[in-house]
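*Asks:* Residue numbers (my numbering), protein chains in the order written: chain A, 13 to 342; chain B, 13 to 342.
Every residue gets a Cβ at the ideal spot worked out from N, C-alpha and C, and that includes glycine.
Treat the numbers as computed from the prediction; the structure is a model and nothing was measured.
Structure incoming, see below.
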């Protein structure tokens, strides 16, 4: 039987290399990290937790689990218009976690930290008799006062999303084997969208000065837009037919394997959702050319809540608006 | 059966009040928090995780669990010489956690946030099929370049600790009912030391300019001092007879309920451990008058590792040096 990995060895060999190049991380050898403060900027801080069996599948590859954990946090930073600066990881690893598993986890985390240009500067590793439970705190920076907030939407704003909507919830189904019969390449693509979201780190900071309100779509488009409505004190009308869908999602709809309402309320898309005045459309179209499609899907209106207008012009009725983390997982 | 508490309601009613007075927390309604950066200071960041059944007892009162979680992080900040600024909490609550339990948890957290003068500015709450798993990221501030680090000890430095050593490990035993027969008031006092450490937040920042290396004693005095030795590239000699013990710990020793070696290697003390040049002794004695005793227990020497000199003048042999989080809990 393999000996339990030693905490200090794991940190020194697997995680300390992820702090390289950032002196304030103190080589992950101290109890804290240092971040010299920069005048004229605001730090943006976000933290997300993930539990095996709830937020990812227990047998998901460890490198993808680590990368998703980082990416969901980077998605939050991007939605605030922030550039990533550093991350802290706390991990409760199940008893019996092998050194090989940890190596793959750290390798995946390292790959994405390098891809997105930020160091791991601290955290904590503990053992748990329960499922793998991860928490990551990500720090980003915006010019002082420049963060995009939920509550800044105005009546008349156009509502925009990046990328395509609904792939996350379909991807979860695909990863669970629930879309058997569909084109295998569509299934694989959807599963990868679920396992490895693409945080819109390039587009997010470019929205500064163009967008009013912003957040990322993590709990379902309708519910998340509802948060912008509540925080801004106004309402929203979404035209379902304008919501951008991937070819795979269109195929799932055409084959009767999903419904539009499910795609608009499913979680795990990690696309940007933002509002902008109509006269920002041309500038936003310019950003579109940078690689990620931005699509106008509706407008902010007087009133409260989100109305979704279906393809037939009538209001689409939704059984649920999105995902609530705190209730029992469905 | 009570309905599962709603995530948004829990955050709005129980946790958002803990963000009051700090605009950058955005009322815990956004996905991120904002912290305007201050020139001339370094942020100090630390994160600790705690798992029910590993780091606290599953039936510990929820308010004490929350307060301990905050305090162990504040202890890390204090050991760096930092004043607390803000905290982010991620919590994986077991399915079936009641609103009453959550209320008591939030009340305890709120009580100590107020006591130590920092707001909750963000985080995440999720459900878990496993044990309660908590992670807290704490931010503090020091004057730029002024943080106390592990690696700054020098040969000839005096080794100091705050408070008393060994109460944490005795307190765990007391909380488990393992000290039956001892004076009930000693048992209660020790258990409270385990459940509710006193982070040395006042003394820590006052060590700036006086201390060289510092950390907090969380995994056992000898092991933690070993970290300072390794990071500083030198050794340490501790005189066991000088290590300050509480009256309750002395009673436990006298009654044969514990051994000195156990007290020097047990975890959960959350006292400050630091080194300072001999000529700082008078100034440090002045701090002693501020409420927490500071005691010189040894000195830093050429060499490697920690030698503990026993009451008889010989080297004390230790079966283990401290607590390793990552291995299976003992």
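1. Compare the Cα-Cα distances from residue 46 of chain B to each of A:58, A:36, A:44 and report the closest residue.
2. Please decide whether residue 78 of chain B counts as near chain A, where near means a Cβ-Cβ distance under 9 Å.
3. Spell out whether any CB of chain B is found under 9 Å from the CB atom of residue 200 of chain A.
4. Which residue from A:250, A:81, A:144, A:18 puts its Cα closest to that of residue 322 of chain A?
5. Determine, using beta carbons only, whether residue 121 of chain B and residue 75 of chain B come nearer to each other than 9 Å.
6. Give, in chain order, every unbroken run of the beta strand (DSSP E) that is at least 3 residues long and sits entirely within the segment 175-233 of chain B.
7. Name, in chain order, the residues that DSSP records as bridge partners for residue 64 of chain A.
8. Between the C-alpha atoms of residue 243 of chain B and residue 175 of chain B, what's the straight-line distance to the nearest angstrom?
9. Does DSSP put residue 277 of chain B in a helix, in a strand, or in coil?
10. Strictly below 9 Å CB to CB, what residues from chain B border residue 133 of chain A?
11. Can you tell me the Cβ-Cβ gap for residue 187 of chain B and residue 52 of chain B, rounded? I've got them flagged as a contact below 8 Å.
12. Can you confirm whether the segment 66-73 of chain B touches the segment 124-137 of chain B when touching is taken to mean that 3 or more C-beta pairs between the two stretches lie within less than 8 Å?
13. Give the straight-line distance between the Cα atoms of residue 149 of chain B and residue 49 of chain B, rounded to the nearest whole angstrom.
14. Along the segment 154-168 of chain B, where does the CB come closer than 7 Å to a CB of chain A? Name the residues.
15. Evaluate contact between the segment 161-172 of chain A and the segment 96-107 of chain A, counting only Cβ atoms and requiring at least three cross-stretch pairs below 8 Å.
16. State the Cα-Cα distance for the pair residue 247 of chain B and residue 210 of chain A, rounded to the nearest angstrom.
17. Compute the beta-carbon to beta-carbon distance between residue 309 of chain B and residue 173 of chain B, rounded to the nearest angstrom, for a pair I have assumed lies under 8 Å.
18. What are the start and end residues of the alpha helix (DSSP H) that includes residue 140 of chain B?
19. Mapping the DSSP letters down to three states, classify residue 344 of chain B as helix, strand or coil.
20. Measure the CB-CB distance between residue 130 of chain A and residue 98 of chain A and report whether it falls below 9 Å.
21. Which residues of the segment 27-57 of chain A have a Cβ closer than 8 Å to any Cβ of chain B? Give them in chain order.
22. Taking only beta-carbon positions, decide if residue 13 of chain A is within less than 9 Å of chain B.
23. Would you call the segment 177-184 of chain A in contact with the segment 183-201 of chain B, where contact means no fewer than 3 C-beta pairs closer than 8 Å?
24. Going by C-alpha to C-alpha distance, which of A:111, A:225, A:257, A:100 sits closest to residue 273 of chain A?
25. On the criterion of 16 or more Cβ atoms from any shown chain inside 10 Å, does residue 11 of chain B qualify as buried, or is it exposed?
26. Find the residues of chain B that neighbour residue 287 of chain A, judging by a C-beta separation of less than 8 Å, and give them in chain order.
27. Smallest Cα separation from residue 39 of chain B: which of B:201, B:192, B:61, B:133?
*Replies:* Reading it off the structure:
1. Position 34 of the second chain holds residue 46 of chain B. The shortest C-alpha to C-alpha distance from residue 46 of chain B to any of A:58, A:36, A:44 is the one to A:58.
2. The sequence position of residue 78 of chain B within the second chain is 66, counting from 1. Against chain A, the CB of residue 78 of chain B has no partner CB under 9 Å away; the residue lies outside that interface.
3. Translated into the one-based positions of the first chain, residue 200 of chain A becomes position 188. So no, residue 200 of chain A is outside the interface.
4. To locate residue 322 of chain A, count along the first chain from 1; it is residue 310. When each option's Cα is compared against that of residue 322 of chain A, the closest is A:250.
5. On the second chain, residue 121 of chain B is found 109 positions in, with the first residue counted as 1. On the second chain, residue 75 of chain B is found 63 positions in, with the first residue counted as 1. Their beta carbons are under 9 Å apart, which means residue 121 of chain B touches residue 75 of chain B by this criterion.
6. Along the segment 175-233 of chain B, the beta strand (DSSP E) occurs as fully enclosed runs of 3 or more residues at 226-229, listed in sequence order.
7. Residue 64 of chain A sits at position 52 when you count from the first residue of the first chain. Beta-bridge partners of residue 64 of chain A (DSSP): A:68.
8. Position 231 of the second chain, counted from the first residue, corresponds to residue 243 of chain B. Position 163 of the second chain, counted from the first residue, corresponds to residue 175 of chain B. The C-alpha of residue 243 of chain B lies about 24 Å from the C-alpha of residue 175 of chain B.
9. Translated into the one-based positions of the second chain, residue 277 of chain B becomes position 265. In the structure shown, residue 277 of chain B falls within a helical segment according to DSSP collapsed to helix, strand and coil.
10. As a position in the first chain, residue 133 of chain A is number 121, starting the count at 1. Chain-order list of chain B residues neighbouring residue 133 of chain A: 57, by C-beta distance under 9 Å.
11. Taking the second chain and counting its residues from 1, the one referred to as residue 187 of chain B is at position 175. Taking the second chain and counting its residues from 1, the one referred to as residue 52 of chain B is at position 40. Incorrect: roughly 43 Å between the Cβ atoms, too far for contact.
12. Cβ pair count under 8 Å is below three, so no.
13. To locate residue 149 of chain B, count along the second chain from 1; it is residue 137. To locate residue 49 of chain B, count along the second chain from 1; it is residue 37. About 17 Å.
14. For the segment 154-168 of chain B, which is checked against every Cβ of chain A, the residues closer than 7 Å are 156, 159, 161, 162.
15. At 8 Å Cβ cutoff, the stretches do not touch.
16. Locating residue 247 of chain B in the second chain gives position 235, counting from the first residue. Locating residue 210 of chain A in the first chain gives position 198, counting from the first residue. Near 48 Å, if we compare the C-alpha coordinates of residue 210 of chain A and residue 247 of chain B.
17. Here residue 309 of chain B refers to the residue found at position 297 of the second chain. Here residue 173 of chain B refers to the residue found at position 161 of the second chain. With 8 Å as the limit, residue 309 of chain B and residue 173 of chain B qualify as a contact, their Cβ atoms being about 6 Å apart.
18. As a working note, residue 140 of chain B is residue 128 in the second chain. Residue range 132-140 is occupied by the beta strand (DSSP E) that includes residue 140 of chain B, with no alpha helix (DSSP H) assigned at that position.
19. Residue 344 of chain B lies beyond the range of chain B shown here (13 to 342); nothing can be said about it.
20. Your numbering for residue 130 of chain A matches position 118 in the first chain. Your numbering for residue 98 of chain A matches position 86 in the first chain. Taking 9 Å as the cut-off, the Cβ atoms of residue 130 of chain A and residue 98 of chain A count as close.
21. Correct list: 36, 38, 41, 42, 43, 44, 45, 46, 47, 48, 49, 50, 51, 52, 53, 54, 55, 56, 57.
22. On the first chain, residue 13 of chain A is found 1 positions in, with the first residue counted as 1. With a pLDDT of 41 at residue 13 of chain A, under the threshold of 50, the modelled position of this residue cannot be trusted; read the value that follows with caution. Not flagged as an interface residue toward chain B: residue 13 of chain A, since no C-beta distance is shorter than 9 Å.
23. They do not touch, by the three-pair rule.
24. Here the question's residue 273 of chain A lines up with position 261 in the first chain. Of the candidates A:111, A:225, A:257, A:100, the residue whose Cα lies closest to the Cα of residue 273 of chain A is A:257.
25. With chain B represented from 13 up to 342, any question about residue 11 of chain B goes unanswered, as that position is not in the structure.
26. Counted from its first residue, the first chain places residue 287 of chain A at position 275. Chain B residues near residue 287 of chain A: none, gap ~14 Å exceeds 8 Å.
27. As a first step, residue 39 of chain B must be located in the second chain, where it is residue number 27. If we check each option's Cα against that of residue 39 of chain B, B:133 comes out closest.
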